[in-house]
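There are 2 protein chains.
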Amino acid sequence: MWTIIVHKEDGVTMEIIRRNTEYSIRALVHLALHPGRDVTAAEIAEAQEIPLEYLQKILQKLTRGGFVGAQRGARGGFYLAKDPEEINLLQVIELMQGKLAMNKCFLGKNGCNRAPKCVLKNNWLQLEQRIAGFLSQITLLDLVEQVREGGRPGGGE
Amino acid sequence: MWTIIVHKEDGVTMEIIRRNTEYSIRALVHLALHPGRDVTAAEIAEAQEIPLEYLQKILQKLTRGGFVGAQRGARGGFYLAKDPEEINLLQVIELMQGKLAMNKCFLGKNGCNRAPKCVLKNNWLQLEQRIAGFLSQITLLDLVEQVREGGRPGGGE
DNA sequence: ATTAATGTGGACTATAATAGTCCACAAAGA
DNA sequence: TCTTTGTGGACTATTATAGTCCACATTAAT
C-alpha cells in the first residue's frame with residue numbers, strides 16, 4: 001500500500017536527463033536521419049531549435065567522444081562516426097553529464113568508513129547497474145525508428 | 001562488449017541523491033536511534049555535522065511531510081512520527097528533491113506530440129518505476145540496522 | 001593566392017538550482 | 001515572566017547549467 005506524500009510545490013521534478021543530453025540526442029538523431037553528407041551545426045540548430053553557439057559546444061564534445069566526425073572548412077559539417085546501433089543512451093548521458101551514480105555513501109559524516117562491507121553500498125551499486133544496463137540497451141537506432149514512425153516530431157524539413 | 005568512453009573531466013558524476021536528502025536521512029536515522037524523547041535540531045546538527053540553520057529548514061520539511069513531529073518550547077525537539085519501517089527512501093527523496101523522473105520526452109522540439117503511443121515514453125516510465133520500486137523498498141529501518149551493525153558511522157555519542 | 005564557409009578552443013556571462021544564513025515571532029516549559 | 005525551542009519568510013552565497021563571443025585553424029571554391 002502506498003503512503004501518500006503531499007508535495008506543496010507543484011510539478012517539481014528532478015530529471016535525470018538534462019538539456020545538454022537532450023540536445024545531444026536530438027543532434028545525433030538528426031545526423032542519423034541525414035547520412036552520407038556533412039551536416040552543418042547551423043542546419044542542426046535550425047532544424048532542432050537548439051541555440052547554435054551552445055550546440056557547437058555540444059558537437060565538440062560529441063566529436064571528442066567519438067560519436068561524430070567533423071569536417072572543417074567550406075562545405076564542412078558533422079557526420080555520425082558510428083552506426084546508430086552502436087551508440088547508446090548511457091554513453092551519451094555519461095559523456096555529457098558525467099558518470100551516473102546514486103551518491104556516495106550517505107551514512108556517516110565524512111563518507112562511510114566501512115564501504116567494503118556495507119550492504120547498502122551494494123544495493124546502490126546494483127541499482128546503478130540496473131539503470132545503466134537499461135540505458136545502455138537503448139540505441140540511437142531505436143530513437144531514430146521512434147522518430148521515423150511518429151509524425152516526424154524532430155522534423156524541420 | 002563495452003565501448004570505452006574517455007572522460008576528460010576527472011571524477012565528474014551526476015548524483016541522484018543530493019545533499020538535502022542525505023541530511024534528511026542522517027537526521028531521520030539519528031531520531032530513530034534516539035526514540036522516546038525529543039531531540040533538538042542543535043543536537044542532530046552537532047552529531048551529524050550538518051549546518052544547524054540548514055538542518056532546521058530540512059526538519060521543517062520533514063515535519064510538514066509527516067515524517068517527524070515537532071515539540072516547541074523549552075525541552076522541545078523532534079521525534080519520529082512514524083515507525084522506521086514505514087519510512088522509505090523514495091518518500092524522502094521525493095519530499096526533498098521533487099518527483100524523480102527520467103525527463104520529459106526529448107524527441108521533438110516542443111515536447112513530444114505523440115506521447116500516448118511513444119514506445120520510448122513507456123520505457124522511461126518503466127525505468128522510472130523500477131527505480132522508484134527499488135528505492136521504496138529501502139526503509140529507514142534498514143538504514144538504522146546498517147548503522148547499528150557497522151562501527152557507528154553516524155555516531156557522535 | 002584569396003576569399004568565404006566552416007569547425008575549434010578558450011574565455012566569458014547569464015540563469016537557475018542548491019546550499020546556507022538571519023531574524024522576528026510563536027509556543028511551551030521552568 | 002524568562003528562557004528554550006521550533007516556524008516562516010526573506011535573504012545571501014555558491015555551484016551547476018546554459019548560453020554567448022571571439023580570435024583562430026582548416027578547407028573548398030574561385
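Residue numbers (this note's numbering), protein chains in the order written: chain X, 1 to 157; chain H, 1 to 157.
Note that beta-carbon positions come from the ideal geometry of N, C-alpha and C, so glycine has one too.
Because the structure is a prediction, the values reported are computed rather than measured.
In this structure, DSSP gives Lys99 of chain H an extended state, which the three-state scheme calls strand. For Asp38 of chain H, same chain residues with a beta-carbon under 8 Å away, outside a window of 5 residues either side, are Gln71, Arg75, Gly76, Gly77, Phe78 and Tyr79 in chain order. The beta-carbon of Gly69 of chain H is placed no less than 8 Å from the nearest beta-carbon of chain X.
Restricting attention to alpha helix (DSSP H) runs no shorter than 4 residues, the region 6 to 71 of chain H encloses them at 19 to 33, 41 to 48 and 52 to 64, ordered along the chain. Between Gln146 of chain X and Asn88 of chain X, the gap from beta carbon to beta carbon reaches 8 Å or more.
Rounded to the nearest angstrom, the gap between the Cα atoms of Asn20 of chain X and Leu62 of chain X is 11 Å. Inclusion of Leu59 of chain H and Ala27 of chain H in the CB contact set at 8 Å is warranted, their separation being smaller than that value.
Annotation for Gly36 of chain H: no residue places its beta carbon closer than 6 Å to its own, counting only its chain and skipping 5 residues before and after. Judged by beta-carbon spacing, Thr13 of chain X lies within the 8 Å limit of Gly98 of chain H, meaning their Cβ atoms are closer than that value.
Contact check for Ile93 of chain X and Ile17 of chain X: beta-carbon distance about 6 Å, within the 8 Å limit, so the pair qualifies. DSSP places Gly77 of chain X within a strand segment (E or B) once states are collapsed to three. With distances taken between CA atoms, Leu125 of chain H lies nearest to H:Leu100 out of H:Ile50, H:Leu100 and H:Ala81. The beta carbons of Ile50 of chain H and Leu143 of chain H sit no closer together than 8 Å. Between the alpha carbons of Gln91 of chain X and Met96 of chain H lies a gap of roughly 29 Å. Taking 8 Å as the CB threshold, Gly76 of chain H stays off the interface with chain X. In this structure, the CA atom of Ala47 of chain H is about 53 Å from the CA atom of His30 of chain X. By the CB criterion at 8 Å, Met102 of chain X and Leu135 of chain X fall outside the cutoff. H:Ala41 is the residue among H:Glu15, H:Gly133 and H:Ala41 whose C-alpha sits nearest the C-alpha of Leu55 of chain H. Listed in chain order, the alpha helix (DSSP H) runs fully inside the region 126 to 155 of chain H are 140 to 149, counting runs of at least 4 residues.
Asn103 of chain X reaches chain H at Glu15, Ile16, Ile17 and Glu22, counting residues in chain order whose Cβ is nearer than 7 Å.
Taking 8 Å as the CB threshold, Lys99 of chain X lines the interface with chain H.
Of the residues assessed, Glu22 of chain X falls on the buried side of the cut-off, its CB having 16 or more other CB atoms within 10 angstroms.
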